[in-house]
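K.L.:
Take this structure first; my questions come after.
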Amino acid sequence: MLADASVVAKRNLIKIKRVPDLLVFTTLSPIMFVLLFAYVFGGAIDPAGGGAGYREFLMAGIFAQTVIFGATNTGAGLAEDVKKGIIERFRSLPMSSSAVLTGRTLSDVVNNLIVLVVMSLTGLLVGWRIHTSVGEALAGFAVLIVFAYAFSWVMAFVGLLVPSPEVVNNASFIVIFPVTFLANTFVPLNSLPGPLRVFAEWNPVSAVTAAARTLFGNDGAIPASASASDAWPLQHPVLYVLIWSVVIVAVFAPLASRQYRRAASR
């Protein structure tokens with residue numbers, strides 16, 4: 001199965017090489033978010049520091065949002081393969097049925113890694129810095145990638161369920177956009193009203209962001225009182241992210257596999 005999955009992953013990565021526009025536009029969007037939020041909102045949220053502290057606060061949130069949106073590539077890619085009949089061709093080959101989904105999700109991990117490198121360089125240009133050790137910094141990126149990989153299984157199920165890539169993109173945007181904004185990604189928790197703050201505290205996106213901030217040493221970028229929370233997920237963000245990741249894969253990997261068999265027989 002692993003050999004088959006590696007072949008499928010290689011096929012998807014070759015597609016990026018042959019159609020570089022996919023990677024270019026995937027990368028440009030988060031760069032625009034970094035520049036817009038850093039220079040448009042930074043001074044307003046952190047006027048004393050001219051936005052410098054906010055830029056360090058911001059980057060973990062941008063990272064989290066980007067890798068989650070990056071997972072939509074899994075759904076769109078699978079929907080396109082179903083639409084073009086490629087899934088049926090895979091079914092006719094002597095290969096494991098789970099290899100198609102595993103290979104697709106693994107190739108999108110590589111895509112997310114490339115985007116994170118580009119975003120990190122952009123962050124360094126606007127003043128973001130890592131204040132911890134190399135090991136902690138790598139752990140911060142690992143948390144982001146692990147959650148993104150888990151979420152890609154959700155999008156794999158959606159991509160096999162809906163009829164076209166356009167529907168995947170529209171449907172995922174409607175759900176992911178508010179979930180990533182109703183969190184501690186771009187604004188401190190104390191700026192949110194009561195019910196929304198409770199939702200943000202238990203939102204796994206907040207835990208991903210908080211874990212990355214801590215591991216990058218950016219959790220002191222703005223006053224601690226602005227983003228402090230006694231909620232259990234934000235007191236143990238890495239553990240909370242890992243729990244969510246395991247649950248998501250345990251639920252959606254079997255669902256996606258079953259839907260793959262159905263989609264291939266349509």
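In this text, residue positions in the sequence shown follow the UniProt record's numbering: the first is 1, and each later residue adds one. Cβ atoms here follow ideal geometry from the backbone N, Cα and C, with glycine treated the same way. All values reported here derive from a predicted model rather than from experimental measurement.
1. Using only the alpha-carbon positions, how far apart do L215 and P165 sit?
2. In whole angstroms, give me the CA-to-CA distance for K83 and V168.
3. So within the segment 189-233, which uninterrupted alpha helix (DSSP H) runs reach at least 4 residues, ignoring any that extend past its ends?
4. Among T180, G140, L161, Y149, whose alpha-carbon lies nearest the alpha-carbon of Y260?
5. For the alpha helix (DSSP H) that contains A139, what are its first and last residues?
6. Count the other CB atoms within 10 Å of the CB of L78; is the residue buried (16 or more) or exposed (fewer)?
7. From this set, L192, G61, L93, which residue's C-alpha is nearest G140's C-alpha?
8. Helix, strand or coil for S164 per DSSP?
9. Based on Cα-Cα distance, which residue from F186, M59, A71, I87 lies nearest to R262?
10. Return the first residue and the last residue of the alpha helix (DSSP H) that S96 is part of.
11. Taking just the CA atoms, how far does A150 sit from I243?
12. What is the rounded straight-line gap between the Cα of A148 and the Cα of L124?
13. Could you give the C-beta distance for A212 and V143, rounded to a whole number, given that I count them as a contact under 8 angstroms?
14. Taking its Cβ as the centre, do 16 or more other Cβ atoms sit within 10 Å of A48, making it buried, or is it exposed?
P.N.:
According to the data block:
1. Along the sequence shown, read from residue 1 onward, the residue named residue 215 stands at position 215. Along the sequence shown, read from residue 1 onward, the residue named residue 165 stands at position 165. Approximately 35 angstroms between the Cα atoms of the pair.
2. Taking the first residue of the sequence shown as position 1, residue 83 is located at position 83. Taking the first residue of the sequence shown as position 1, residue 168 is located at position 168. Each residue's alpha carbon lies about 12 angstroms from the other.
3. 194-202, 204-216, 224-227
4. Locating residue 260 in the sequence shown gives position 260, counting from the first residue. The residue with the shortest Cα to Cα distance from Y260 is L161.
5. As a first step, residue 139 must be located in the sequence shown, where it is residue number 139. From DSSP, the alpha helix (DSSP H) with A139 extends over 134-161.
6. The residue given as residue 78 occupies position 78 in the sequence shown. Counting Cβ neighbours within 10 Å, L78 comes out buried, since at least 16 surround it.
7. The residue labelled residue 140 in the question sits at position 140 within the sequence shown. The shortest C-alpha separation from G140 is found at G61.
8. Here the question's residue 164 lines up with position 164 in the sequence shown. S164: coil per DSSP, three-state reduction.
9. Residue mapping note: residue 262 aligns to position 262 of the sequence shown, counting from 1. The candidate whose alpha carbon is nearest that of R262 is I87.
10. Within the sequence shown, the letter at position 96 stands for residue 96. Segment: none, S96 is in no alpha helix (DSSP H) and carries neither H nor E.
11. Translated into the one-based positions of the sequence shown, residue 243 becomes position 243. Translated into the one-based positions of the sequence shown, residue 150 becomes position 150. Answer to the nearest angstrom: the Cα atoms are 11 angstroms apart.
12. For the purposes of this step, residue 148 is taken as the residue at position 148 of the sequence shown. For the purposes of this step, residue 124 is taken as the residue at position 124 of the sequence shown. So the alpha carbons of these two residues sit roughly 23 angstroms apart.
13. For this step, residue 212 is matched to residue 212 along the sequence shown. For this step, residue 143 is matched to residue 143 along the sequence shown. About 6 angstroms separates the two Cβ atoms, so the contact holds.
14. Counting from 1 along the sequence shown, the entry for residue 48 is found at position 48. Below a pLDDT of 50, predicted positions are generally treated as unreliable, and A48, at 49, falls in that range; no measurement from the model is reported.
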